[in-house]
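A quick write-up on the structure given underneath.
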Amino acid sequence: MSFLEVNGLTIAYGGKRVVDDVSFAIDYSESVGLVGESGSGKSQTALALLGLLPEQAEVHGDIVVDGVSVIGASAKQLSRIRARRIGIVFQDSMQALNPYLKIGKQIRQILLWHDLATGDDADARVIRMFERVGLPDPERQFQVYPHELSGGMRQRVMLAAALIAEPDLLIADEPTTALDVTVQAQILELLEELRDNTALLLITHDLGIVAGHCERMLVFESGRLVDAGATTSLFASPGHAHTRALLDAAPRIDSGNAPAPVNGRTILCAEAVEVTYRDGERGQLHAVNGVNLLLREGETLAVVGESGSGKSSLVRAVLGLVPMISGRVVYAGASLEGPVQTRPVAQRRDLQLIFQDPVGALNPQMRVQEIVGEPLLVHEPGLTSSARLDRVRAILVKVGLEDSHLRRYPHQLSGGQAQRIAIARALILEPKVLICDEAVAALDGSVREQVLALLRQVQRESGLSIIFISHDLAVVRSISHRVAVMYMGCLVEVADNEQLFSQPRHPYTKALIDAVPVPDPIVAPKKAALRGEVGSLLHPPSGCVFHPRCDYAKDICKKEQPEAMNVGGSRVACHRAKEIDLTT
Amino acid sequence: MLRYALLRLLGAIPTLLLVIVLAFLMVHAAPGGPFDDERVLPTDVAANIQAAYHLDESLPQQFFRYMSGLLRGDLGPSYRYRDYSVSELIGRGFPISLQLGALAMALALIVGVSAGTLAALRQNKLPDRIVMFFAMTGISIPVFVIAPVLVLLFAVKLHWLPAGWSGVTGPAKFILPVITLALPQIAYIARLTRASMIDILGRDFIRTARAQGLGTATIIRVHALKPAMLPVLSYMGPAIAAIVTGSVVVEEVFGIPGLGQFFVRGAGNRDYTLVLGIVIFYATLIVSLNLVVDVLYGALDPRVRRR
Amino acid sequence: MKVSAGILLFFLVFAIVGPWLSPPEYLRTNFDLLLQAPTFSGGHFFGTDELGRDLFARTMLGIRTTLLVAMVASLVSLVIGVSYGAVAGYCGGRIDAIMMRFVDTLYALPFIFFVILLMVAFERNFLLIFVAIGAINWLDMARIVRGQTLSLREREFVDAARLMGVSTPRIIFRHIAPNVLGIVVVYVTLTIPQAILVESFLSYLGLGVQEPHTSLGALVDAGVNQMEGASWMLLIPATVLALILMCFNFLGDGLRDFFDARRAT
Ligand SMILES: Nc1ncnc2c1ncn2[C@@H]1O[C@H](COP(=O)(O)OP(=O)(O)O)[C@@H](O)[C@H]1O
Ligand code: SF4
Ligand SMILES: [Mg+2]
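Rendered as structure tokens:
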């Protein structure tokens, strides 16, 4: 008998089934991946295994953990299963840890409750656990509150909590989704290292993670388990059309056709842009540090980097949404100056922005028709309302929506639909430059592919120039002509797509690429390429900002900030770019 | 932490100064003097009185005289209780009001927090409905309605409890006034506790604690109680003010010789120095208690403290 | 919520129409009918007071005064609070910090004592009551509007509007105001009962409206003096007052849940 057996599990809310007749089993010490798009019922299933569903959930079927039935179990029986038999790590560690309690106390409480240790013994065990999950200075960390830690460190604390009672099964629900790729690689490696004999149920939307870390996989589609089997065989020959579709929608960083470079005139040019923010009493935060960048007509330029690297601040400064401390932006020969409100209306028309949160970018009190038509009201005030409506209809058709959407409010749209509306609103003015700030990050695989296809099509038809900001290198690989890499406010490398991915010249670019999981079980996951985490922008490192994490750092790197130079078709800011060989 | 407390203390000083100046100006800008309605006095007698109370000085002179007295704890003579200084009157009335107020606050906190927590744990079930109905009634009935109605019921009709204060010995005389004073605060605190408890119990970190196997009682005690009490703590400022205000009514209805009664009497017969003194005294009290609440808040919420 | 709104509407009509139909009734003393208990046959449904005045007519008048004071006071707090809060929230930064520091300072003041002081010092002035109550209540409103505006200002749809070239007034009126409206409506509904409380408290202390005019608070005060012999004089206005307060509170709670639910979706 397996450790965990699930039979005919059905979860419904008010009669609507979100998990429908699901059966599977997990053996001792095996690793199983659970994949599916958002809302397919993955988390609900995980919560059900621990008896954690909310009261209003109607649950049917059997869940048996080592002979004990979870559904209908008493509080006491559940308490024996939780933590001791099954531990769980949630996605959002900021929310999942108690912000009012020191982390040491939170974890100590588990030992006390389950009578696993008392007094100093408990403290010692917690500290040992902190050491194992790689928290620096574990004794001091005992006294720290969650908000004082970085996302990666908090996720280590979550792991410590999940493993401290030595469970037989560890459930990890999107444990790295909120983290940067390099930190994700570290956490996944840690997970493998720590669990040794503990079984793993790894929930994720990222097929690359499953390919690298799970022996078997389960595929969910709108509440149903549609496919299951060994990871290698499912990747080689999917048993279900949905698995096929998921695989097709998963971009690969290591292959595929990189779009060929475009040779247009320069349309937008940023010189030595610098942006700082005041961080309360604590001083100046250097978000963008002297960045030079140019955009050609008709090309897609990707700007990549981990969160906090200054991607958004850079384009927001270009658009006049945040003040630029110094530097210059030239668009079509004219320089762009001052806050957006003070810029000439014609200039504003040509540059448009698409945001990450599709719903947040739409006024909740306005209907689609008003939202999409509003730019016309400003820029073409002479238009009659029926002419305006015609234009709105036409653009909706273009982004793949229908008349029936015209009278909806934003909350009545799905994420993908909302993003199309935002794109329609931007495109109705026929801008010359479209800036997409993580525009597909909140979208599921298939929807993301559709939105990317839409952007490509518009570019083909109208010669639009696009700045595509993303933290997802695999997506960038598939859409952009050129790529710019940022780290802690500095531009470290710019190159054509193919060039950058096949022959990175900057150690950071290389590390970033290596950290991206490849959705192919044949390709073994690389060792976590980068140690440490991104430092504080309040006190950026001297010299090369990357030196504390760089394997190639020398003395000069700590003292002098490297100038950008041309190395074999790439523009790189690294003292040692010419001498080191990164192709391994 | 200490720095935070000191900063708040510094911030409280201008507030207090503002209170004193405002109150002083209001009283002195009042049309008509305190002795106007007495039978017409011979001019020299009137002048003597004016001089005795320094009413013949200019406003700034009077203000500085008052301020320097204040710093020594002297709030001047009462205009009506001719043999007493305002400080003496406050010294007599306040201990009684303090007893009443402290008892009411303690009752309100104990009953309010328990009822609110119970309601949150049984959300939308019968206990919740009952608690919330009473709480809604509680916040909707003013103290000056509750007080006479309770007297009418328990003292006049049922003769269970004394209606007044003077002449009654033993703790029985406290029961009705304290309950009257506490009822609206019980209602507010119960509503507040319920809302914030429901909010906290719905947070992800509570789900984490449940996933760790902890029992409901432990989760409430270790994880939920502190954050759920923060809104209640910040309500303590307004609650103190409301209890002080309420005591004015309660002392009047039950004939309790506390500070509130002095205040109403003083307001009624234009005993300006007394009224001014009590306003300043209460303002200082409320501002300092607010300060304590602020600092406590900082101590309980790690995210405030580190700022 | 609908029930509360219905009852309030009823009282409102009652308050507007009632005293107007029989204007002198609440003034007419009748020394043959002092302290009559309520009867249906005698025409005095609510009985009479110690001067033989019809308590029904006086209650109607009291409701009118109380509602009038509460509404005007709420309007005052609405106007001050919304403008103050919106300016602080939209400007943000230093201006916001200073403006809110001022509100914090005022918060710590025992306002009710100032109002009493004011009433004592400056005779009983009806207008002063409005101003005083409004001045107390605008603080909450300002805080809430400011918080809401501040968070809206940071929302991406406002940035999007700026980028499209939408003018600042249109951003404020078309993009920010409608999103603040819900919470303002809720808050006004909850401010009214607070204003009623203060007004009745003052009247109860004898510092509010003056005889022969009356408000619910003044009627309760009169009732307390007669409660041993004529309990209806206390119970009737007290019940009406509590009912009105309760209705406003229920309405406010209901509206809040409604808007919360809409924001959640
Ligand atoms: N408390 C709830 N009430 C109603 N529907 C819910 C509730 N919790 C989750 N759902 C729905 O269940 C579905 C599956 O959710 P979830 O398991 O979180 O998906 P995933 O983890 O795959 O993203 C979604 O459609 C979600 O809206
Ligand atoms: S400059 Fe030095 S530290 Fe920076 S990336 Fe190059 S080798 Fe590494
Ligand atoms: Mg999920």
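Protein chains in written order, with my numbering: chain B, 1 to 584; chain F, 1001 to 1307; chain P, 2001 to 2265.
Here a beta-carbon is modelled for each residue, glycine too, at the ideal position from N, C-alpha and C.
- The closest CA to that of B/LEU295, considering only B/ALA426, B/GLY463 and B/LEU389, is found on B/GLY463.
- At a cut-off of 7 Å, the beta-carbon of B/ALA515 does not count as near ligand 2: no heavy atom of the ligand is closer than that.
- Counting the other Cβ atoms within 10 Å of the Cβ of B/GLN284 gives fewer than 16, which makes it exposed.
- Taking 8 Å as the cut-off, the Cβ atoms of B/VAL144 and B/LEU194 do not count as close.
- Under the 8 Å criterion on CB atoms, F/LEU1214 is classed as interfacial with respect to chain B.
- Per DSSP, the unbroken beta strand (DSSP E) holding B/TYR277 starts and ends at 266-278.
- Within chain F, GLY1213 have C-beta atoms less than 8 Å from the C-beta of B/ARG84, given in sequence order.
- The straight-line gap separating the alpha-carbon atoms of F/VAL1113 and F/ILE1186 is approximately 8 Å.
- Identification of residues in the region 1109-1137 of chain F having a C-beta nearer than 8 Å to some C-beta of chain P yields MET1136 and THR1137, given in sequence order.
- With a cutoff of 7 Å, P/CYS2091 does not count as near ligand 2, since its C-beta is closer than that to no heavy atom of the ligand.
- Taking the Cβ of B/ALA564 as the reference point, every heavy atom of ligand 2 lies at 7 Å or farther away.
- Taking C-beta atoms under 8 Å as the contact rule, P/THR2168 and P/LEU2251 fail to qualify, at a distance of about 35 Å.
- In the structure shown, B/ARG425 falls within a helical segment according to DSSP collapsed to helix, strand and coil.
- Residues ALA46, ILE88 and LEU201 of the same chain have their beta carbon placed closer than 6 Å to that of B/ILE171, with the five preceding and five following residues left out of the count.
- Residues are counted here when their Cβ sits less than 7 Å from a Cβ of chain B; for the region 2163-2195 of chain P these are LEU2163, MET2164, GLY2165, VAL2166, THR2168, HIS2175, PRO2178 and ASN2179, given in chain order.
- At a cut-off of 3 residues, the continuous stretches assigned as beta strand (DSSP E) that sit fully inside the region 298-326 of chain B are 300-304.
- Chain F places no beta carbon closer than 8 Å to that of B/ASN363, leaving this residue out of the contacts.
- Of the heavy atoms belonging to ligand 2, at least one sits nearer than 7 Å to the Cβ of B/ALA553.
- Placement of the Cβ of B/CYS557 at a distance of less than 7 Å from at least one heavy atom of ligand 2 is found.
- Per DSSP, the beta bridge partners of B/GLN352 are B/LEU434.
- Taking a cut-off of 8 Å for Cβ pairs, the region 1136-1151 of chain F and the region 1281-1294 of chain F do not touch, as fewer than three such pairs fall below it.
- Judged by beta-carbon spacing, P/ALA2218 lies within the 8 Å limit of P/GLY2208, meaning their Cβ atoms are closer than that value.
- DSSP assignment within the region 71-118 of chain B yields the following whole beta strand (DSSP E) runs of 3 residues or more, N-terminal first: 86-89.
- The beta carbon of P/ARG2155 falls within 8 Å of a beta carbon belonging to chain B, placing the residue at that interface.
- Think of a sphere of 7 Å around the beta carbon of B/VAL340: the chain P residues whose beta carbon falls inside it are ARG2162 and LEU2163, in chain order.
- Any Cβ of chain B closer than 8 Å to the Cβ of P/ASP2159 would place that residue at the interface, and such an atom is present.
- Here DSSP, grouped into helix, strand and coil, assigns P/VAL2186 to helix.
- For the pair B/GLY535 and B/MET488, the CB atoms are nearer than the 8 Å cut-off.
- Of all residues in the region 118-131 of chain B, none places a beta-carbon less than 8 Å from a beta-carbon of chain F.
- Beta-bridge partners of F/ALA1104 (DSSP): none assigned.
- Inter-residue distance for B/ALA346 and P/PRO2193 is about 52 Å (C-alpha atoms, whole angstroms).
- The beta carbon of B/CYS490 sits no closer than 7 Å to any heavy atom of ligand 2.
- When Cβ-Cβ separations below 8 Å define contact, B/HIS114 makes no contact with chain P.
- The beta carbon of F/THR1193 sits no closer than 8 Å to any beta carbon of chain B.
- Within the region 368-398 of chain B, the residues whose Cβ lies closer than 7 Å to any Cβ of chain P are, in chain order, GLU374, PRO375, VAL378 and HIS379.
- Flagged as an interface residue toward chain F: P/ILE2116, by a C-beta distance shorter than 8 Å.
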